[in-house]
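Sequential numbering of the sequence shown, starting at 5, is according to my numbering.
All remarks here apply to the structure that follows.
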Amino acid sequence: MTQDNAKPSWHQQVADDLVDPVMKDLTWHGRTIDWFLQDLVQLTNETELQVGVTLSTPAGVISGILISVEQYFRLFGESFASSWPVADADRLRAHYAELGKSRLPKTDGENPPPVQYLHLKDAKLSTPSGQMPASEGLLWRGTIASISGFSLGLLADDLGDDIQLTLQP
Numbered sequence: 005m006t007q008d009n010a011k012p013s014w015h016q017q018v019a020d021d022l023v024d025p026v027m028k029d030l031t032w033h034g035r036t037i038d039w040f041l042q043d044l045v046q047l048t049n050e051t052e053l054q055v056g057v058t059l060s061t062p063a064g065v066i067s068g069i070l071i072s073v074e075q076y077f078r079l080f081g082e083s084f085a086s087s088w089p090v091a092d093a094d095r096l097r098a099h100y101a102e103l104g105k106s107r108l109p110k111t112d113g114e115n116p117p118p119v120q121y122l123h124l125k126d127a128k129l130s131t132p133s134g135q136m137p138a139s140e141g142l143l144w145r146g147t148i149a150s151i152s153g154f155s156l157g158l159l160a161d162d163l164g165d166d167i168q169l170t171l172q173p
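Here is the structure:
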């Protein structure tokens, strides 16, 4: 007697996943993404925690304060709207603030899909040829898949300030 609801063997499951393009992306391409960094970003999105991080990317090393998707879009809207006429600026600020809120996980009991992007404020990029010129840090958004490594804390600046770990509620 055979069971109709028996789990497929692991090699059959792999074969099925690789044939289905959606499952291939979710199950297999996601294996190159750091699950621990995804969890840290998810925690930041859910709690508004801010933490200093330094990221290794193909473009160079990026150091900044990890912020929530909601805060990122709010700050982006403020910055972007500052060069528009007042009437349009208010509408743009509201649009981007709402865009950030729409990216937050819903509380309907379902597990949200894994986060794919992380957001930094006060970000500074250091390339092999030197640091990107900016008088102050920038807003930065990137894919978690493009990060090859990370550490807690911020890199020291040119003034020789100590590396600092910034945990802010």
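The beta carbon of each residue, even a glycine, is placed where N, CA and C say it ideally should be.
Computed from a prediction, not measured in an experiment: that's the story for all the values here.
- Message: Can you look up ASP38 in the DSSP assignment and give me helix, strand or coil?
- Response: coil
- Measure the alpha-carbon distance for LYS128 versus LEU142 and round it to whole angstroms. 7 Å
- Message: Are the CB atoms of THR51 and GLY157 within a distance shorter than 9 Å?
- Response: no
- Message: Taking its Cβ as the centre, do 16 or more other Cβ atoms sit within 10 Å of ARG97, making it buried, or is it exposed?
- Response: buried
- Query: So, helix, strand or coil for LEU59, using DSSP?
  - Reply: strand
- Message: If I follow the unbroken beta strand (DSSP E) through SER83, where does it start and stop?
- Response: That residue, SER83, is in no beta strand (DSSP E); its alpha helix (DSSP H) goes 73–85.
- Message: Are the CB atoms of GLN42 and ILE148 within a distance shorter than 9 Å?
- Response: yes
- Reference THR48; option with closest CA among LEU124, GLY146, LEU22 and GLY134: LEU124
- Query: Under a Cβ-count criterion, where at least 16 other Cβ atoms within 10 Å of its own Cβ denotes burial, should GLN16 be classed as buried or exposed?
  - Reply: exposed
- Can you tell me which of the three DSSP states ILE151 falls into? coil
- Message: Among ASP24, ASP38, ASP20 and LYS11, whose alpha-carbon lies nearest the alpha-carbon of ILE151?
- Response: ASP38
- Taking DSSP as the reference, what is the three-state secondary structure of TRP88? coil
- What residues match up with THR131 in a beta bridge as DSSP calls it? GLY134
- Query: When we look at the beta-carbon of VAL119 and count the other beta-carbons within 10 Å, is it buried (16 or more) or exposed?
  - Reply: buried
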